[in-house]
Amino acid sequence: MPVQLLKIIEGQSEIPLPSHLQKENLKHLQEGCDHTNKYIQGVVTLSYPLTKLRDGKDFFKIVVQDSDNLGSQINSINVFIYGKMAEDCAKIIRQGETFIAAGFKVIKLPAAREDGRHDCHLEVSEEAGSVIYIYTKPRTTAASETASVSPKYVYTPLNRLKDGTVVNLYGIVKFFKPPYISKGTDYCSIVTLVDPSNVKLTCSLFSGNLDSLPKIYKVGDIVRFHRIKIREYNGQMQGITSGGFASLTFDGTIGAPVVPRTSSRVYTFMDEEQKTIEELRIWAASNISISGSATKLSDVQPMLFFDLTCQLVGKAKVDGSSFLLKVWDGTKCPYPTWKVPVEAKDLEGEKVLLHQLRNLAVDILVYDNHVQLAESLKIGSFLRIYSIHVKQASADNEDVSHMEFHLHGGTCYGRGIGLLPESNPDVKELKEFLESVNLTDRQNMESTCSMDIDSTFGNVTDLELHLQRCQQLSVTVLTDHQDLSTTELKTVTNSTAPQQYRIRAKLRTYKPQKLHQSVKLHCSKCKSLQEVPDRDDFDFILHGSASTAPNPELYNTSWYESVTWTTQEQKQREIAIHFVKHDEMLQHPEDTLIMIEGGTLKEIWKLTKRFKCVIPVRSTEDDLELLDLSAPFLLKGNVKYYGCKQCSTPKPMKNLSSIAAEQQPSWEPTEIAQVLGIELLQYVFIMKFTLVDETASLNAYLFDYEKFFQIPASEILTNNFLQEKMQMTMNTLCPPGRKLGELPWLECFIKSYNVRGAMENQVYYQIFDTTIAEDVV
DNA sequence: TTAGGATTCG
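Here the first sequence stands for residues 608 to 1384, where the numbers follow this note's numbering.
This is how it looks when you write it as structure tokens:
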């Protein structure tokens, strides 16, 4: 982006200059000196008409005065601008504006000057790698003057596009293919956009210059396209690059700096554009799903496609149609991973580092059309590899299966490799994390996971080992009272309650068999248990509350800031989001608690992915209030938090401001519940275990928040992985289809207690201070 | 021109 138009607010540019650049005083300019990391700054005092040189090249001349050194004898200099840059500058430079150039060439004039101008002039051009920054002052008063300088662009909503037109538009990236080499002569990038009119537009963007395609890194990024051609294809509108196409790309995260990633040499970017981006971000937050948090190598699952942000540490040519990339992200893949055999001489990368990372780096084999791009990558660069296929496989000479990572040929689902700049926030975060990884510790502690150690188990399969272990040791362990001796079940059942025992028994069966049915909500105050409301209940309450429009009198108070909009759907719906402030400022979304009025289940669910906490509310005449307590009063991460209807006495929402005023608000559900007068219901597993030993059998209840399964009951309903883990645990405790003799032993603590029935007391048993053994599952 | 979103030969 060799020419940038920047906006100045209170004397400061919104976008700082690159930090490596240092200001050079005009006095110190000399021909032949190294000015690589220097820039000159001054006010444009004179500009000449744009002309053409004899070779047809554009030429533009200006005089720049160093306003910091007006008293100096030599305080201005001629600047000659060549080529495309001359044309661009001529369009936007006005007298009185601040001009900055870096990457200039200093040319000494044959004779000394006597007009206070420097005896050198500066030459700048795109070919010479020059960059020009023009600081513009806010153009509120001089409207007529502005018109010629920054043309007013008109942006077409995606539902108003017409065949055969060339338009400017904004959109939120819903899908994209990172630039790849097309079968023609250019790079190609496919981008599908959506905007608040809820219409999608898929664009095919071509360019011979990789740099002039939009720099999209993730779904949810926001783009501004200028001069994109609209055509009809298969009954739908389609965008395609046309002459003069230019784009800006912005991070779509609410609160992130509004700094354009640009592919054009000149662009305008003013308050109005900034406002548009901020509005689109808010719309996107509840209307675009982004696939949760990024997958790290430590979370990969077999049979899955995922995007990986990583650093390249090694690469090697494998054969004509495949190429190996060795990458890491600082985490360890929980499965053994394959190593693609390549000759040492073919492997490019730092040998010592590759050795240190042998258990952390993974091999990704890329195929076909991705090979050319992969070959060109530099070791050490940061990449996002899109849609890597995780494949479980097992070689003939291995007893355990391993994970393979493939980037198959083609570009389906955005499959491809994107190079991330060091300025990318995800790269910054990754770099910090990689630097914190202590390589020596990891090698010592985790080397048992590597393939070569696994193979020392010989021919015994994992499963057999596991079963052998289970028959000898208990699959559960006691967390306390280890000194107590074991009591036979017959003795337990023949004794009076209440008492506590250590027992050793087998789990013959358990209820419920459908594990999700074991999750209930428990009030620790009134001891009641209730079912977890299903999504229909919540949906119903939301529908009901959406019929009450947000009350504008409640917008923007001292402790929250409000944003509202009306949906475009047939039955218009008003939505208000209230962002709770901290120190009178908005926080990063991931730290922010928001309250929402009028949202649907889907919208609220999406907002929970972006924000720390979401509280659904509705307006009354004079305050916001919580919805009916059959709905969750708070959503945080994957968890819906409910309050007890009997024990809660809701207090004013304003009480949240006391948490917001804390130095670092943690927004803990318990604390939120407390200030809102809500008695928080706890998620709990309730199960009935039928335990047997050689002497007797008894039913014992498990009442567990987290300790027994080491899985939070609150998360099981929304996490497939945890559900699977729990099912696997139960399969270990009580393997289906096995005889009693083959079942593993459980060591448990149980306590007996009396429950008074209509006619007589009944004795019940409850498991406590027991947990699943560490090596089970 | 190229691609026109909608996973996989390896």
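C-beta atoms are modelled at their ideal positions from N, C-alpha and C, and glycine is treated no differently.
These numbers were taken from a predicted model, which means no experiment stands behind them.
Between the C-alpha atoms of residue i and residue j, what's the straight-line distance to the nearest angstrom?
i, j, result
"L1353", "Y1308", "14 Å"
"L932", "D975", "14 Å"
"D1382", "L1080", "11 Å"
"K922", "F1012", "14 Å"
"C810", "S929", "29 Å"
"I986", "N1327", "37 Å"
"G1348", "E1095", "17 Å"
"L624", "A709", "10 Å"
"T1155", "A1183", "11 Å"
"P1351", "L1329", "22 Å"
"R1273", "R831", "Looking at the sequence itself, residue 1273 is Ser, so the reference to Arg does not match. Cα to Cα, the separation comes out at about 36 Å."
"Q1253", "N841", "59 Å"
"V761", "E880", "11 Å"
"N1101", "N1361", "14 Å"
"Q843", "D770", "9 Å"
"K1243", "L633", "57 Å"
"E1269", "V1139", "32 Å"
"S1131", "V934", "49 Å"
"G850", "E1029", "30 Å"
"N1262", "V1282", "6 Å"
"V671", "L967", "55 Å"
"V866", "L628", "19 Å"
Starting from residue i, trace the alpha helix (DSSP H) both ways and give me its first and last residue.
i, result
"R1142", "R1142 to A1153"
"T883", "D878 to N894"
"M1337", "N1327 to L1340"
"D1033", "P1032 to S1043"
Is the Cβ-Cβ distance between residue i and residue j less than 8 Å?
i, j, result
"R838", "I847", "yes"
"V1126", "Y1312", "no"
"L964", "F989", "no"
"A1380", "T1083", "yes"
"L1340", "I1110", "no"
"Y1117", "K1295", "yes"
"P1223", "A1238", "yes"
"L1287", "S893", "no"
"C640", "I684", "no"
"H1129", "I1323", "no"
"S804", "L765", "yes"
"K630", "Q648", "yes"
"I779", "V801", "yes"
"K1219", "E1197", "yes"
Of the residues the options, which one's Cα is nearest the Cα of residue i?
i, options, result
"E1042", "Y942, T938, V997 and P1028", "T938"
"L1236", "S1226, L1046, S1092 and Y1249", "Y1249"
"L1091", "D1376, E631 and G1151", "D1376"
"F876", "K759, K952, I681 and L1234", "K759"
"P1105", "Q1369, R1217, L633 and T763", "Q1369"
"L1231", "I1279, A735 and P1159", "P1159"
"T944", "S814, C1251 and L972", "L972"
"D828", "F912, T856, E638 and A735", "T856"
"Y1162", "E1204, C1133 and S1135", "E1204"
"E1228", "P1196, P1157 and L765", "P1157"
"F1310", "A1303, I1293, T1325 and P1319", "I1293"
"E1176", "T1207, Y1371 and G956", "T1207"
"L984", "I1024, V997, H962 and V949", "I1024"
I'd like to confirm the pairing. Which residues does DSSP put opposite residue i in its beta bridges?
i, result
"C1355", "I1110"
"M1294", "L1309"
"V1126", "F1292"
"K668", "F687"
"A923", "L931"
"F813", "C795"
"A853", "H833"
"D970", "K933"
"M1202", "H1185 and I1222"
Between which two residues does the beta strand (DSSP E) holding residue i run?
i, result
"P1223", "C1220 to S1226"
"H833", "I829 to Y840"
"F1375", "N1368 to F1375"
"T1083", "T1083 to L1085"
"Q1137", "L1136 to E1138"
"W1172", "Y1167 to T1173"
"K781", "V773 to I788"
"L1263", "Premise fails: L1263 lies in the alpha helix (DSSP H), L1263 to A1267, not in any beta strand (DSSP E)."
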